[in-house]
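Q: So for the sequence shown, this note's numbering puts the first residue at 29; every next one is plus one.
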Amino acid sequence: MIFETTQATPEGQVLVPEAILDKMNVQPGEKFLVTVSGDSILFKRLVEKTQEEADAFWARVKEQRSAMV
């Protein structure tokens, strides 16, 4: 587990420490879901699905809908 400190800029930006970015292998342009839990700010990496994964997902949804009818 890595512990680092950082602070908010006057504009409200918070810099994630380099050690954490390296540990998580964060690449420029990656997107994150940001949420609040109690007194914590949580970042969850958003992983884009490939077209193949998306097609498989929708095929499963279609199968499940057909089974319900």
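Even glycine gets a Cβ: it sits at the ideal position worked out from N, Cα and C. Note that the structure is predicted; figures quoted are calculated from it, not measured.
Can you give me the C-alpha to C-alpha distance between Ile30 and Glu39, rounded to a whole angstrom?
A: Taking the straight line from one Cα to the other gives about 26 Å.
Q: Could you give the DSSP three-state label for Val54: helix, strand or coil?
A: Coil at Val54, not helix or strand.
Q: Taking only the alpha-carbon atoms, compute the straight-line gap between Val44 and Thr78 and give it to the nearest angstrom.
A: Distance between the alpha carbons of Val44 and Thr78: 27 Å.
Q: Taking the continuous alpha helix (DSSP H) assigned at Phe85, which residues delimit it?
A: From DSSP, the alpha helix (DSSP H) with Phe85 extends over Gln79 to Met96.
Q: Report the rounded CA-to-CA distance for Ala47 versus Thr63, giving the unit in angstroms.
A: Distance between the alpha carbons of Ala47 and Thr63: 22 Å.
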